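Structure record follows, encoded as structure tokens.
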Amino acid sequence: MALAMEKQMIVGEVPVSPFSRLFSMPGLDCFNIVTIGFKNEASPSAFTEGLKNTLLNHPRFSCILETGPGEHKPRWIPTQVNIKDHVVVPNIDPTIDNPDQFLEDYTSNMVFSPIDKCKPLWEIHILNIKTSDAESLVVARFHHSLGDGMSLMSLLLACSRKTSDPEALPTLVAPKLSKVTNVWSSLAARLWLIIRLMFNTIVEVFKFLLIVCSFCDNRTPLMEKPSATRIPNKFIHRVISLDDVKVVKNAMNMTVNDVILGMVQAGLSRYLSQKYDTETNPKLKKSLEKICLRGVVFFNLRSNKKIEDLAKMMEKRSTSRWGNSIGYAMIPLWMRSENDIFEYIRRAKTTMDRKKLSLEPLFSYVLLKLTVEVFGSKALRALAMRIFGRSTIILSNVAGPTEEISLFDHQISYVSASISGFPQALIVHITSYVSKAIINLGVDLDVIPDPHNLCDHIVEALQMMKSAVEDKISADLIV
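Numbering (the working numbering), first residue to last: 21 to 499.
Written out as structure tokens, the structure is:
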């Protein structure tokens with residue numbers, strides 16, 4: 021079995037990453053919130069037995085996180101796990117009027133319910149209600165110190181089986197092999213790549229430090245207000261077609277991530293434009309052209325970018341280590357009223373190509389690491405709050421399985437994920453599963469009281485892009 025492995029974690033011997041230190045600090049508890057929809061009714065007994073044979077074999081999920089007083093370094097203390105303390109099966113009326121609304125409220129309330137830190141920091145809630153996208157659901161809460169999105173997605177794959185072959189683990193997408201070219205051409209290309217990498221790193225790191233030291237985003241309806249909670253308190257999700265994203269991607273010869281970021285920028289621009297158009301106070305009316313907004317985007321720092329089998333991730337010399345191996349970059353958001361809907365994608369590609377070909381994400385990781393090692397946890401928290409406090413939103417995405425899978429004999433319909441605990445009023449997280457893309461918004465209702473309206477704008481932006489592609493193809497055929 022994929023999770024039947026020797027426990028390699030020994031207290032005091034496994035270093036805690038800067039992000040894990042940050043996520044475990046008192047008053048800054050960050051959680052991964054994962055919702056999994058199923059195509060059949062959930063069986064609590066099957067889940068309990070399945071978790072015993074899989075999740076509990078993972079060292080991190082059978083340990084207590086001890087933070088210690090003062091500057092004491094946090095460590096993992098092995099403990100006996102009672103599975104009943106981590107699986108919650110609420111008694112829900114299956115005939116409730118609005119199950120989709122119930123799921124949103126349940127997830128949002130669960131984020132703020134206290135979690136017992138005297139036991140491993142995770143819990144599974146089994147909801148046997150039928151929603152628009154699933155026959156039953158599991159809502160899981162994992163403390164972010166347990167691992168990042170890549171780690172948790174690998175965990176899901178290790179616990180799952182192919183729907184087409186119940187005995188087989190999900191297969192992973194093989195990395196594309198680079199084409200063999202002329203040796204001299206290859207050397208010249210690599211030299212040019214290194215030059216661009218150095219130049220982009222210098223420029224992007226300088227801009228990053230400039231933002232941290234001085235600049236702050238403009239005040240907009242997406243920024244916090246004095247009465248705000250400073251953290252998202254409402255979570256909603258929307259299932260859309262990944263094939264629609266790929267239609268735009270193929271037509272523009274770009275990546276899925278480029279289209280997604282362009283879609284989000286277009287949706288946010290339309291949302292802000294609507295807000296300003298309905299504003300009655302002339303002093304509060306603004307033009308989108310005058311707005312400067314930034315987002316924090318997380319990057320996977322593992323040398324192997326593919327999702328690996330959990331057993332491989334736990335090997336000592338694996339290139340895809342378990343935990344929080346992430347950095348981040350500050351990106352400018354293109355907030356404009358564009359007649360050409362594709363301009364949002366072009367701007368997204370230009371921005372992300374520059375960020376990916378720089379060491380800014382690695383620099384941010386090293387900066388946090390040096391801060392906590394030299395100045396301690398208080399300085400780490402102050403730096404993190406300053407960085408995240410100078411941006412409007414957090415953007416992240418995780419690629420999921422490309423084939424149908426089952427979790428403990430429950431066929432999965434979709435996987436949605438988000439994070440809580442960051443001081444932004446808006447968090448946008450997108451997960452893919454087979455032919456679906458799931459948009460998850462975490463919002464502070466004091467700042468964004470209409471999250472469904474905002475989500476509608478993002479989805480409509482994708483439909484506008486797809487329609488523009490189809491119109492362009494039709495026009496080319498006529499010519």
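Just so it is clear, CB atoms sit at the ideal spot from N, CA and C, and this is done for glycine as well.
None of these values were measured; they are calculated from a predicted model.
Beta-carbon contacts of residue i that lie in its chain and below 6 Å, excluding the five residues immediately before and after
i: Met485; result: Val268, Ile361
i: Glu86; result: Arg95, Ile97
i: Leu177; result: Pro190
i: His1; result: In this structure the chain extends from 21 to 499, so residue 1 is not present and cannot be described.
i: Thr68; result: Ile103, Val107
i: Glu358; result: none
i: Gly70; result: Phe428
i: Arg374; result: Asn220
Buried or exposed by the 16-neighbour rule on C-beta atoms within 10 Å, applied to residue i
i: Asp153; result: buried
i: Ser205; result: exposed
i: Met218; result: exposed
i: Pro119; result: buried
i: Asp117; result: exposed
i: Asn273; result: exposed
i: Val203; result: exposed
i: Asp168; result: buried
i: Ile215; result: exposed
i: Ser247; result: Residue confidence is low: Ser247 scores 47 on pLDDT, short of 50, so the model does not pin down where it sits. Its coordinate-derived value is still stated next. The residue in question, Ser247, is exposed, as its Cβ has fewer than 16 Cβ neighbours within 10 Å.
i: Lys72; result: exposed
i: Ala402; result: exposed
i: Val394; result: exposed
i: Asn111; result: exposed
i: Trp142; result: buried
i: Pro421; result: buried
i: Asn277; result: buried
i: Ile414; result: buried
i: Lys398; result: exposed
i: Cys312; result: exposed
i: Gln444; result: buried
i: Ser180; result: buried
i: Ser40; result: buried
i: Leu288; result: buried
i: Thr371; result: buried
Beta-carbon spacing of residue i, residue j below 9 Å
i: Ile256; j: Ala160; result: no
i: Val158; j: Ile144; result: yes
i: Val479; j: Ser416; result: no
i: Ser261; j: Ala457; result: yes
i: Val232; j: Arg406; result: yes
i: Leu292; j: Met355; result: yes
i: Leu353; j: Thr391; result: no
i: Leu400; j: Leu42; result: yes
i: Thr55; j: Thr127; result: yes
i: Ser65; j: Ser165; result: no
i: Cys50; j: Gly441; result: yes
i: Ala286; j: His477; result: yes
i: Ile468; j: Leu213; result: no
i: Arg343; j: Ser174; result: For the sequence presented, residue 343 should be read as Gly rather than Arg. Contact flag unset, no.
i: Arg314; j: Ala481; result: no
i: Ala404; j: Leu388; result: yes
i: Asp105; j: Asp136; result: yes
i: Leu123; j: Thr99; result: no
i: Leu465; j: Lys295; result: no
i: Ala550; j: Val435; result: Only positions 21 to 499 of the chain appear in the structure, and residue 550 is not among them; the question remains open.
Close beta carbons around residue i, own chain, < 8 Å, minus the five adjacent residues each side
i: Leu382; result: Leu321, Gly347
i: Cys138; result: Ile84
i: Phe228; result: Ala349, Met350, Glu380, Phe383, Ser384
i: Val265; result: Val276, Val279, Ile280, Met283, Ala457, Leu482
i: Glu187; result: Arg181
Whole-Å CB distance - residue i paired with residue j, under 8 Å assumed
i: Lys182; j: Ile425; result: 6 Å
i: Ser345; j: Thr221; result: About 19 Å; that fails the 8 Å criterion.
i: Val463; j: Pro140; result: Between Pro140 and Val463 the Cβ distance is about 29 Å, and since that is not below 8 Å, they are no contact.
i: Gly57; j: Ser433; result: 4 Å
i: Val101; j: Leu76; result: 6 Å
i: Val386; j: Glu423; result: Not a contact, Cβ separation roughly 37 Å.
Neighbourhood of residue i by C-beta distance below 7 Å, restricted to the same chain and skipping five residues each side
i: Cys475; result: Ile256, Arg258, Ile459, Leu461
i: Gln483; result: none
i: Val225; result: Glu380, Phe383
i: Ala62; result: Ile146, Asn148, Ser156, Val158, His430
Within-9 Å CB hit, residue i to chain B
i: Tyr453; result: Looking for chain B here will not work: only one protein chain is present.
Cβ pair count under 8 Å reaching 3, the stretch 278 to 289 against the stretch 352 to 371 = yes
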